[in-house]
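This note's numbering applies: residue 2 is where the sequence shown begins, and numbers increase by one.
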Amino acid sequence: MKLASIIGTRPQFVKAASLSRFLKIFSDSSMKNRIRVKEIIIHTGQHYEEKMTEPFFREMNIPNPDYYLNVRLSSPIKQIARIMIKIEELLVYEKPDFVLIYGDTNSSIAGSLAAVKQNIPIAHIEAGLRSYDRSMPEEINRIVIDSVSTLFFCPTVTSVENLKREGITRNVFLVGDIMWEAFQNYQDQAKHTSRIIEQLKINGKAYLLCTIHRASNTDQLENLKNIMIGLTRSKEPIILPLHPRTKKMIERNQRLRKYMGENIQVIEPVGYFDMLVLEQNAKKIITDSGGVQKEAYFQKVPCITLRENTEWVETVEQGVNRLVGVDPVKIIEAIHQFQPNEFQFDHSLFGDGHTSAKIVEILGNRMNQ
Ligand code: UD1
Ligand code: UDP
Numbered sequence: 002m003k004l005a006s007i008i009g010t011r012p013q014f015v016k017a018a019s020l021s022r023f024l025k026i027f028s029d030s031s032m033k034n035r036i037r038v039k040e041i042i043i044h045t046g047q048h049y050e051e052k053m054t055e056p057f058f059r060e061m062n063i064p065n066p067d068y069y070l071n072v073r074l075s076s077p078i079k080q081i082a083r084i085m086i087k088i089e090e091l092l093v094y095e096k097p098d099f100v101l102i103y104g105d106t107n108s109s110i111a112g113s114l115a116a117v118k119q120n121i122p123i124a125h126i127e128a129g130l131r132s133y134d135r136s137m138p139e140e141i142n143r144i145v146i147d148s149v150s151t152l153f154f155c156p157t158v159t160s161v162e163n164l165k166r167e168g169i170t171r172n173v174f175l176v177g178d179i180m181w182e183a184f185q186n187y188q189d190q191a192k193h194t195s196r197i198i199e200q201l202k203i204n205g206k207a208y209l210l211c212t213i214h215r216a217s218n219t220d221q222l223e224n225l226k227n228i229m230i231g232l233t234r235s236k237e238p239i240i241l242p243l244h245p246r247t248k249k250m251i252e253r254n255q256r257l258r259k260y261m262g263e264n265i266q267v268i269e270p271v272g273y274f275d276m277l278v279l280e281q282n283a284k285k286i287i288t289d290s291g292g293v294q295k296e297a298y299f300q301k302v303p304c305i306t307l308r309e310n311t312e313w314v315e316t317v318e319q320g321v322n323r324l325v326g327v328d329p330v331k332i333i334e335a336i337h338q339f340q341p342n343e344f345q346f347d348h349s350l351f352g353d354g355h356t357s358a359k360i361v362e363i364l365g366n367r368m369n370q
């Protein structure tokens with residue numbers, strides 16, 4: 002069975018790492034007598050800076066990509082189109098049995114359109130997620146990808162129900178969350194190898210961790226300004242590993258700096274292991290990231306989400322994630338008062354941590370049909 006994994010952004014490296022890791026164990030085990038699996042990795046180059054890529058491949062031992070497409074953003078459509086053209090050529094040449102699409106990025110939508118036009122079955126990992134907010138580029142990507150996918154690997158019960166509401170019920174598999182698997186695989190290793198707490202000279206549970214990169218929060222300056230106003234009023238220090246997108250916006254709009262208080266410590270984006278350790282030691286996490294919302298939950302750290310909605314609704318329903326949008330008053334209120342208790346974190350919501358094994362087994366059965 003030949004699989005083509007299409008990746009290009011930081012969260013996709015984390016997701017694909019789990020699958021590649023499982024395939025390595027699989028190919029070393031007796032199970033390989035049943036089916037031989039070859040994975041080729043296509044890295045679109047959507048994220049390209051060393052700090053956004055290298056630590057992920059190194060720490061999680063992700064095999065070097067077989068193909069690197071080097072397609073950076075000029076406009077979303079140009080990026081999607083260029084990736085599609087390059088992937089089409091590769092798919093014609095490689096003829097994989099399945100194309101694996103992770104999540105909802107421009108790399109994901111481009112990969113899925115290239116695959117469907119070649120009649121290659123698409124396995125969508127993280128299928129069925131919806132924020133029901135069509136102003137989010139990712140929401141459009143999710144809808145398009147799910148409308149052309151063959152196999153739907155859903156992380157949560159909610160995502161299965163979302164697909165059902167759209168009339169998609171065949172080949173839908175509740176396999177759990179692949180980032181939960183990654184978390185379980187790497188959390189201990191991260192704790193033992195990361196020195197980030199010492200490097201930043203911070204104390205556990207005495208700081209807040211923040212990430213910001215959603216298009217709506219960075220491209221609309223008023224929103225970024227309001228977030229900064231809210232964060233600046235925190236009494237606790239805030240560690241802010243700054244996404245390149247947000248960094249560019251702040252650099253281009255110097256007046257934003259005056260809204261950033263001295264309590265905000267801006268650092269470069271960190272690798273996955275450092276991030277896990279920063280999350281674990283944070284008193285609270287403030288984010289607009291999908292992946293970081295989930296990781297806050299895995300870490301049992303209260304999460305304050307800088308959005309009006311989320312596709313990870315379970316975390317909100319459990320009472321451990323509060324949606325505050327970009328309202329400075331709501332942000333500061335949550336920083337001061339939001340305090341869920343430990344028992345509200347029910348990890349079974351994200352599966353049993355064996356998502357990759359389930360995916361590979363289902364794909365294998367499909368091959369043998
Ligand atoms: C993308 C995904 C988003 C995901 C995020 C993960 C889309 C539509 N968005 O958003 O769903 O949550 O990745 O982090 O696919 N840039 C750099 N250096 C880099 C990477 C990006 O400078 O290594 C710059 C780009 O040139 C661009 C901006 O950051 O100007 C945004 O990059 P892009 O990949 O389009 O979107 P993200 O915000 O990273
Ligand atoms: N992450 C990281 N370093 C950072 C910020 C995030 O390693 O400086 C990891 C984080 O732990 C999670 C993933 O990147 O595993 C989430 O990616 P991101 O927030 O960029 O995208 P999203 O999940 O919103 O698509």
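No residue lacks a Cβ here, since even glycine has one placed at the ideal position from N, Cα and C. Every value quoted in this text rests on a predicted model; they were computed, and no experiment measured them.
- In this structure, the alpha-carbon of GLN13 lies about 33 Å from that of GLU263.
- In this structure, HIS214 has its beta carbon less than 7 Å from a heavy atom of the ligand UDP.
- Secondary structure at THR170: coil, using DSSP grouped into helix, strand and coil.
- Per DSSP, reduced to three states, the secondary structure at PHE351 is helical.
- THR45 sits close to ILE84, with the two beta carbons spaced by under 8 Å.
- Look at LEU74: its beta carbon is less than 7 Å from one of the heavy atoms in the ligand UD1.
- With the rule of 3 Cβ pairs closer than 8 Å, the stretch 222–230 does not count as touching the stretch 55–70.
- ALA5 and VAL173 have their C-alpha atoms some 20 Å from each other.
- Under the three-pair Cβ rule at 8 Å, the stretch 160–173 does not count as touching the stretch 342–360.
- Taking SER195 as the centre and dropping the five residues before and after it, the same chain places the C-beta of PHE274, ASP275 and VAL278 closer than 6 Å to its C-beta, in chain order.
- By the C-beta criterion, the stretch 61–70 is judged to be in contact with the stretch 14–25, since at least 3 inter-stretch pairs fall below 8 Å.
- For ARG323, the enclosing beta strand (DSSP E) has its first and last residue at 322–324.
- Take the alpha-carbon of ILE179 and the one of PHE351: they are about 9 Å apart.
- Annotated three-state conformation of GLN200 is helix, per DSSP.
- Straight-line measurement puts the Cα of LEU92 at about 7 Å from the Cα of ALA116.
- CA-to-CA, the gap between VAL302 and ALA82 works out to about 39 Å.
- Annotation for GLY365: MET2, ARG35, ILE36 and VAL38 place their beta carbon closer than 8 Å to its own, counting only its chain and skipping 5 residues before and after.
- Here HIS214 is buried, its C-beta having at least 16 other C-beta atoms within 10 Å.
- Rounded to the nearest whole angstrom, the CA to CA distance from ARG323 to ALA335 is 8 Å.
- Taking all protein chains in view, the Cβ of ILE78 is surrounded by fewer than 16 other Cβ atoms within 10 Å, so the residue is classified as exposed.
- Exclusion of GLU50 from the 7 Å shell around the ligand UDP follows from its C-beta lying no nearer than that to any non-hydrogen atom of the ligand.
- With the rule of 3 Cβ pairs closer than 8 Å, the stretch 138–156 counts as touching the stretch 121–130.
- Sixteen is the threshold: when 16 or more other Cβ atoms of the shown chains lie within 10 Å of the Cβ of SER150, as they do, the residue is buried.
- Assignment of LEU257 by DSSP, reduced to helix, strand and coil, places it in the helix class.
- Within the stretch 214–272, the complete alpha helix (DSSP H) runs of at least 4 residues fall at 216–219, 222–233 and 245–253.
- The continuous stretches of beta strand (DSSP E) do not include VAL117, which lies in the alpha helix (DSSP H) extending over residues 107–118.
- The alpha carbon of ILE121 has as its nearest neighbour, out of TYR187, ASP134, LEU101 and ILE240, the alpha carbon of LEU101.
- Contact annotation: ILE8 and SER108 have beta-carbon atoms nearer than 8 Å.
- Within the same chain, TYR260 and MET261 come within 6 Å of MET229 by CB-CB distance, once the 5 residues on both sides are set aside.
- Burial state of LYS236 is exposed, judged by a 10 Å Cβ sphere holding fewer than 16 other Cβ atoms.
- For GLU40, the enclosing beta strand (DSSP E) has its first and last residue at 39–44.
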